[in-house]
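A short write-up of the structure that comes next.
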Amino acid sequence: MSIYITKNICRDFVQGSQTVHALKNVSLNIKKEELTIFKGRSGSGKTTLMNIMGGLDRPTSGTVILDKHDLTEMADFERDNLRRTDIGFVFQSIALISVMNAYENVEFGLRVAGKETKNWSQTVKKSLELVGLSKRMYHKPHQLSGGEQQRVAIARAIVHRPRIVFADEPTAELDTHLGLQVVLLFKRLVREEGITVIMTTHDPSMNEIADHVISLEDGEVVDET
Ligand SMILES: Nc1ncnc2c1ncn2[C@@H]1O[C@H](COP(=O)(O)OP(=O)(O)OP(=O)(O)O)[C@@H](O)[C@H]1O
Ligand SMILES: [Mg+2]
Numbered sequence: 000m001s002i003y004i005t006k007n008i009c010r011d012f013v014q015g016s017q018t019v020h021a022l023k024n025v026s027l028n029i030k031k032e033e034l035t036i037f038k039g040r041s042g043s044g045k046t047t048l049m050n051i052m053g054g055l056d057r058p059t060s061g062t063v064i065l066d067k068h069d070l071t072e073m074a075d076f077e078r079d080n081l082r083r084t085d086i087g088f089v090f091q092s093i094a095l096i097s098v099m100n101a102y103e104n105v106e107f108g109l110r111v112a113g114k115e116t117k118n119w120s121q122t123v124k125k126s127l128e129l130v131g132l133s134k135r136m137y138h139k140p141h142q143l144s145g146g147e148q149q150r151v152a153i154a155r156a157i158v159h160r161p162r163i164v165f166a167d168e169p170t171a172e173l174d175t176h177l178g179l180q181v182v183l184l185f186k187r188l189v190r191e192e193g194i195t196v197i198m199t200t201h202d203p204s205m206n207e208i209a210d211h212v213i214s215l216e217d218g219e220v221v222d223e224t
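Residue numbering for the sequence shown follows numbering that gives the first Met the number 0, beginning at 0 and increasing consecutively.
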């Protein structure tokens, strides 16, 4: 079952007299509960595509269907609400709040989502448990390794139980071994929690773990496996 269908997405960035065609007619079908990787050289359009699919940006033309909803037709507030409740983001720079410990950083994700939950603290702890950090809950970011910090960021991205997680180069700052662990964690979230994960990476060794690999070149989809 498809969760996302994009049809002929184009995204132009106009800067003075120059126009960058960052995406050119990108049509994709992303299945529910799969791990999808966007790969391609720097500047190929991966982040631009994620931002549009995640509802952070709008395409210049084309449509993005998330389930039955056309994101491109939605009013800003509708799209913002959908994004807050249904989508989680993990960014390339880990961006944890340095004065907050792991628990508080994840709790912050729940606040941002504006989620009403009875078992607030249990929800936060469950999320940290899912990424294997129960024992590091009260450590601040500087007391955690790079891989552990990235896992806190993932716990924060999933704490409000989104259906979809976008992760932009989540392994870029990690060595191959830790990077692999992060991708395997995503794979587990897909299998066990039924989350749909879409991530970008430059690391070809991640490809075989993914269910679906989409290659971008110069704003176009050039290969899919
Ligand atoms: N806000 C913007 N204004 C102008 N040009 C932009 C903007 N954002 C992206 N671009 C251009 O669009 C193209 C695609 O950029 P994008 O960030 O999507 O690439 P990417 O595949 O994520 O690259 P990287 O692997 O380096 O993160 C690039 O040529 C970039 O310079
Ligand atoms: Mg990018």
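Every residue, glycine too, gets a C-beta built ideally from N, C-alpha and C.
Residue range of the alpha helix (DSSP H) that residue i falls in?
i: ASP85; result: 75-85
i: THR46; result: 45-52
i: LEU188; result: 175-192
i: GLY146; result: 145-157
i: THR122; result: 119-129
i: LEU65; result: Segment 60-65 is the beta strand (DSSP E) holding LEU65; no alpha helix (DSSP H) there.
State the beta-bridge partners of residue i as determined by DSSP.
i: HIS20; result: ASP11
i: ASN28; result: ILE4
i: GLU223; result: ILE213
Is the separation between the beta-carbon of residue i and that of residue j shorter than 8 Å?
i: ASN153; j: LEU184; result: Going by the sequence as given, residue 153 is Ile instead of Asn. For ILE153 and LEU184, yes; Cβs fall inside 8 Å.
i: VAL196; j: LEU34; result: yes
i: GLU43; j: LEU179; result: Residue 43 is actually Ser in this sequence, not Glu. No.
i: TYR3; j: MET49; result: no
i: ALA166; j: ARG135; result: no
i: VAL98; j: ALA156; result: no
With respect to 7 Å, is the separation between the Cβ of residue i and the closest non-hydrogen atom of ligand 1 below this value?
i: GLY146; result: no
i: VAL19; result: yes
i: GLY39; result: yes
i: LYS45; result: yes
Would the beta-carbon of residue i be found less than 7 Å away from any heavy atom of ligand 2?
i: LYS6; result: no
Given that a residue counts as buried once 16 or more other Cβ atoms are within 10 Å of its Cβ, and exposed if not, what is residue i?
i: MET0; result: exposed
i: HIS176; result: exposed
i: ASP75; result: exposed
i: SER126; result: buried
i: PRO203; result: exposed
Using 8 Å as the limit for Cβ to Cβ distance, is residue i near chain C?
i: VAL123; result: Among the protein chains of the structure shown there is no chain C, as only one such chain exists.
For residue i, report the span of its beta strand (DSSP E) as first-last.
i: LYS38; result: 34-38
i: ALA166; result: 163-167
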